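Structure first, commentary second.
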Amino acid sequence: MVRINFSRFGFEEFFNCPFDRLEEEISRYSIHIKLQNSPQTPEERESYRNEIDRLTVLKYISQLRKGKLTKEDFSLKVALI
979 MVRINFSRFG FEEFFNCPFD RLEEEISRYS IHIKLQNSPQ TPEERESYRN
1029 EIDRLTVLKY ISQLRKGKLT KEDFSLKVAL I
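Quick note: the sequence shown uses our numbering, first residue 979, plus one each step.
If you want it as structure tokens, here you go:
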């Protein structure tokens, strides 16, 4: 399994923000990704992959905050840089 790199600052921001804000960010990213057409160029595919990774990490942070994911499991999935 490959860990997703995510900024430590971003983690702290979303781990400590009001829970509604985190859920809004997850919803916003989900909608944005669904509205995108299939990426054609390598740059578009990389950007799309980065957005998917960010959404995934935000969901992991949400699960961590809700107690559905342990810090150890989170660390296996996400590398804070």
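Glycine is no exception: its CB is placed at the ideal position from the N, C-alpha and C atoms. Bear in mind that the values here come from a model prediction, so they are computed numbers and not experimental data.
Quick one: using the 10 Å Cβ neighbour count with 16 as the cut-off for buried, is I1009 buried or exposed?
exposed
Which residue marks the beginning of the beta strand (DSSP E) containing N983, and which one marks its end?
I982 to F984
Three or more C-beta pairs under 8 Å: does that hold for the region 1048 to 1059 against the region 994 to 1007?
Proximity of the region 1048 to 1059 to the region 994 to 1007 falls short of the contact definition, fewer than three beta-carbon pairs being nearer than 8 Å.
On the three-state DSSP scale, how would you describe L1047?
coil
In chain order, which alpha helix (DSSP H) runs of at least 4 residues are fully inside the region 987 to 1050?
997 to 1013 and 1020 to 1044
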